[in-house]
Amino acid sequence: MDLKTLYREVIIDHYKKPRNSRPLQEPSHEARCKNPSCGDRITLQLEVVDGTIVDVAMLGTGCAISQASASMMTQAIKGRTLAEADAVLAAFRGMIVDGDEDLDSEILGDLVSMQGVSKLHARVKCAMCGWSALEAALAEEETEVDLDQDTSMPAAKRGGGY
Amino acid sequence: MSDTAEAATASDEVHCTSLHPDEVRSDFPALSRIIGGRPLAYLDNTAATLKPRQVIDALSRFYAERSANVHRGMHTLSEEATDAYEHARQVVAEFVNAAQPAELVFTRNTTESINLVAYSWAREQLKPGDQILITEMEHHANLIPWQIIAEQTGAELRFARILPTGQLDLEDWHAKLTDRTALMGVAHVSNVLGVINPVRELTKAAKNVGATVLIDAAQSVPHMPVDVQDIGCDFLTFSGYKLLGPFGIGALWGRYDLLESMPPYQTGGSMIHTVTLEKTTFADPPQRFEAGTPSIGDAVGFAAAIEYLTAIGMDRIEAREQELSKYLHQRLAEVPGLRVLGDYFPGKPGIASFDLEYAHAHDVAQFLAEEAVAVRAGHHCAEPLHHIMKSESTSRASLYLYNTEAEVDQLIEALGTVQELFG
Numbered sequence: 021m022d023l024k025t026l027y028r029e030v031i032i033d034h035y036k037k038p039r040n041s042r043p044l045q046e047p048s049h050e051a052r053c054k055n056p057s058c059g060d061r062i063t064l065q066l067e068v069v070d071g072t073i074v075d076v077a078m079l080g081t082g083c084a085i086s087q088a089s090a091s092m093m094t095q096a097i098k099g100r101t102l103a104e105a106d107a108v109l110a111a112f113r114g115m116i117v118d119g120d121e122d123l124d125s126e127i128l129g130d131l132v133s134m135q136g137v138s139k140l141h142a143r144v145k146c147a148m149c150g151w152s153a154l155e156a157a158l159a160e161e162e163t164e165v166d167l168d169q170d171t172s173m174p175a176a177k178r179g180g181g182y
Numbered sequence: 020m021s022d023t024a025e026a027a028t029a030s031d032e033v034h035c036t037s038l039h040p041d042e043v044r045s046d047f048p049a050l051s052r053i054i055g056g057r058p059l060a061y062l063d064n065t066a067a068t069l070k071p072r073q074v075i076d077a078l079s080r081f082y083a084e085r086s087a088n089v090h091r092g093m094h095t096l097s098e099e100a101t102d103a104y105e106h107a108r109q110v111v112a113e114f115v116n117a118a119q120p121a122e123l124v125f126t127r128n129t130t131e132s133i134n135l136v137a138y139s140w141a142r143e144q145l146k147p148g149d150q151i152l153i154t155e156m157e158h159h160a161n162l163i164p165w166q167i168i169a170e171q172t173g174a175e176l177r178f179a180r181i182l183p184t185g186q187l188d189l190e191d192w193h194a195k196l197t198d199r200t201a202l203m204g205v206a207h208v209s210n211v212l213g214v215i216n217p218v219r220e221l222t223k224a225a226k227n228v229g230a231t232v233l234i235d236a237a238q239s240v241p242h243m244p245v246d247v248q249d250i251g252c253d254f255l256t257f258s259g260y261k262l263l264g265p266f267g268i269g270a271l272w273g274r275y276d277l278l279e280s281m282p283p284y285q286t287g288g289s290m291i292h293t294v295t296l297e298k299t300t301f302a303d304p305p306q307r308f309e310a311g312t313p314s315i316g317d318a319v320g321f322a323a324a325i326e327y328l329t330a331i332g333m334d335r336i337e338a339r340e341q342e343l344s345k346y347l348h349q350r351l352a353e354v355p356g357l358r359v360l361g362d363y364f365p366g367k368p369g370i371a372s373f374d375l376e377y378a379h380a381h382d383v384a385q386f387l388a389e390e391a392v393a394v395r396a397g398h399h400c401a402e403p404l405h406h407i408m409k410s411e412s413t414s415r416a417s418l419y420l421y422n423t424e425a426e427v428d429q430l431i432e433a434l435g436t437v438q439e440l441f442g
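Going down the list, the protein sequences come from chains A and B.
Read left to right, the first sequence gives residues 21 to 182 (the numbering used here).
Read left to right, the second sequence gives residues 20 to 442 (the numbering used here).
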């Protein structure tokens, strides 16, 4: 899918109408992620009951890729077990950050349409913003991630510094 | 009949004196790039300019024929390299009307030039109670070194405000200039707003209170005639890659007596007078500030770029850019929901940083790239300025002598696609 088609068919829709974009009453997990160099910010809330994500919310501001990616993520993990959500996260990270070509469409589903972003080095961290919040929420360690400072990202894709 | 003939002659004369981009475009190999089936519209000149064949050839010739070190070899290649390097210094010095070539120090870029002044001059000279006066519109390169120097010396860092129009608030600037101002630093042209600061007037006022003056001329030297003696400043900094030259080379011009009073910035080879195991005496400027083997080939390319610009004429380049800048701003005003940071003014340099109500700057730049339009997006190393102008980030279109009306049209057309999708 070329970039224009990706924007036209997927990203703009989620950007203008982000899914699950309202605060949860009693979230069991919450974490934030930001890209200070872009101005992207996402707060992610989960309601986990017996190891299953029964509800999820994303609230954020930023570019279309960051917001659309987080919106699609909420759809992909809602109703999944924590282990399943972990698997989706790993597959998405592999596709976007590591540039995996061999994609598991069963795990990724519609998220496969985001593959083109992996070629846009400056936008990888935009696409990862919501997902890094998910990772932090699941780990229950960090509550705020700064992707500009995330050394697990390849330097060329981390951004910041200018 | 004779009227028509006269009119034709007059228009030919105008054509001869005013610069048309076709006169220069074929010199720039990168301008023939086709991206995604469309010709490249390179509108990112504030970040870096393209290079003409003449500069690429000068670099390539230097490496092919000389490629030796300077100032120490007795052999032919080294002597030629030394001549080429010192000739380059003379060309760059004359370009800003330095009183002598020895006032021109080669650095990596404007950032290094400013840091050299900060560490060698300011850190030695400033003391608690002194003030450093800069403005809210500075590039990070003319902000962060002063934050550090203020912290290290106990001097106070002050900022003159900008007006909502983007212009420097001169009343506020004059109010913040005191007899304790030890250093006044200001951008000649803002890399975001395209504002031209009245550096001659500011320098005069700052000198009257005894301040030392640094002008960040990274965005003015490439685009207009600049004369350090006319401005009356103490230091002036600029970069090679923003004026058609190679990356990795920049310049610090400094008044000779000031340079002479300053300790080295870095130490090692090339910058010494005599060395014993215990003690070293340093060479005179500019060598004192050029430790280690310099970027000789890049200096040669820097001079080739300046010779190229000078042959065309800086007055003509400035006039052509003003003409295209007017067209750019007129066309941008047609795009719904688009705001250019800072008001347009006649004679504005070709810099337009804009945001759109309905799309983030990174999405805009990404889309423009799809249409082969190269702009920069973000805060352009001026994050505080964006906060003051109430913008998270902007896309910036910036022009140079080779740009055309058709490229501006390509930008506007691509912005139409953005509006269609996001608006």
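Every residue gets a Cβ at the ideal spot worked out from N, C-alpha and C, and that includes glycine.
DSSP beta-bridge partners of residue i
i      : result
B/E200 : The residue you asked about is not Glu; residue 200 of chain B is Thr in the sequence shown. Beta-bridge pairing links B/T200 to B/Q150.
A/V76  : A/L66
B/F178 : B/I153
B/Y61  : B/A393
A/T81  : A/R61
A/E164 : A/R52
B/I53  : B/P58
B/S417 : B/D63, B/I370
A/A157 : Bridge partners of A/A157: none, in fact.
B/V208 : B/I215
B/L187 : B/I181
Contact list for residue i against chain A, beta-carbon separation under 7 Å
i      : result
B/H406 : Correct list: empty, because the minimum Cβ distance to chain A is about 11 Å.
B/H379 : G82, C83, A84
B/G213 : Correct list: empty, because the minimum Cβ distance to chain A is about 20 Å.
Beta-carbon gap between residue i and residue j smaller than 7 Å
i      : j      : result
A/D124 : A/A105 : no
B/S139 : B/M281 : yes
B/G185 : B/L212 : yes
B/S414 : B/V392 : no
B/I370 : B/T65  : yes
B/D317 : B/P265 : yes
B/A237 : B/T129 : yes
A/L185 : A/A157 : Since the first residue of chain A shown is 21 and the last is 182, residue 185 of chain A is not available in this structure.
B/I336 : B/F114 : no
B/L96  : B/A103 : no
B/V247 : B/N116 : yes
B/F254 : B/L221 : no
A/N40  : A/V76  : yes
B/L360 : B/S372 : yes
A/C83  : A/C149 : no
B/V208 : B/S239 : yes
Partners in chain A for residue i, counting only beta-carbon separations shorter than 8 Å
i      : result
B/S412 : C58, G59
Proximal residues of chain B, C-beta to C-beta of residue i below 8 Å
i      : result
A/I32  : L440, F441
A/R140 : Residue identity check: residue 140 of chain A is Leu in the sequence provided, not Arg. What A/L140 touches in chain B: Q385.
A/R143 : H381, Q385
Proximal residues of chain B, C-beta to C-beta of residue i below 9 Å
i      : result
A/L188 : Given that chain A is displayed from residue 21 to residue 182, the structure contains no residue 188 of chain A and the question cannot be resolved.
A/R207 : Any answer about residue 207 of chain A is impossible in this case: the structure gives chain A only from 21 up to 182.
A/R100 : By Cβ distance, chain B contributes nothing, its closest Cβ being about 29 Å from A/R100, past 9 Å.
Contact list for residue i against chain A, beta-carbon separation under 9 Å
i     : result
B/D63 : Chain A residues near B/D63: none, gap ~13 Å exceeds 9 Å.
inquiry  = At 4 residues or longer, what runs of the alpha helix (DSSP H) sit wholly inside the stretch 98 to 137 of chain A?
reply    = 102 to 116, 125 to 128
task = Taking only runs that begin and end inside the stretch 78 to 154 of chain B, name each unbroken beta strand (DSSP E) of 3 or more residues, in chain order.
result = Qualifying beta strand (DSSP E) stretches, in chain order: 123 to 126, 150 to 154.
request  = Select from the stretch 65 to 85 of chain B all residues with a C-beta closer than 9 Å to any C-beta belonging to chain A, and list them in chain order.
outcome  = none
query = Mind pulling the alpha helix (DSSP H) runs of 4 or more residues that sit fully within the stretch 219 to 262 of chain B?
reply = 247 to 250
request  = Pick out the complete beta strand (DSSP E) segments inside the stretch 351 to 415 of chain B, 3 residues or longer, and give them in chain order.
outcome  = 357 to 359, 370 to 375, 395 to 397
request  = Residues of the stretch 51 to 78 of chain A with a CB closer than 8 Å to any CB of chain B: list them in chain order, please.
outcome  = Result list: S57, C58, G59.
inquiry  = What are the residues in the stretch 146 to 158 of chain A lying within 8 Å of chain B by C-beta distance?
reply    = C146
request  = Mind checking the stretch 105 to 119 of chain A against chain B and listing, in chain order, the residues whose C-beta falls within less than 9 Å of any C-beta there?
outcome  = none
ask   = Which residues, taken in chain order from the stretch 342 to 363 of chain B, show a beta carbon closer than 7 Å to some beta carbon of chain A?
value = none
request  = Please list the residues of the stretch 167 to 179 of chain B that have a C-beta atom closer than 9 Å to any C-beta atom in chain A, keeping them in chain order.
outcome  = For chain A, none of the residues of the stretch 167 to 179 of chain B brings a beta carbon within less than 9 Å of one of its beta carbons.
Complete runs of the alpha helix (DSSP H) confined to the stretch 269 to 341 of chain B [at least 4 residues] = 275 to 280, 315 to 331
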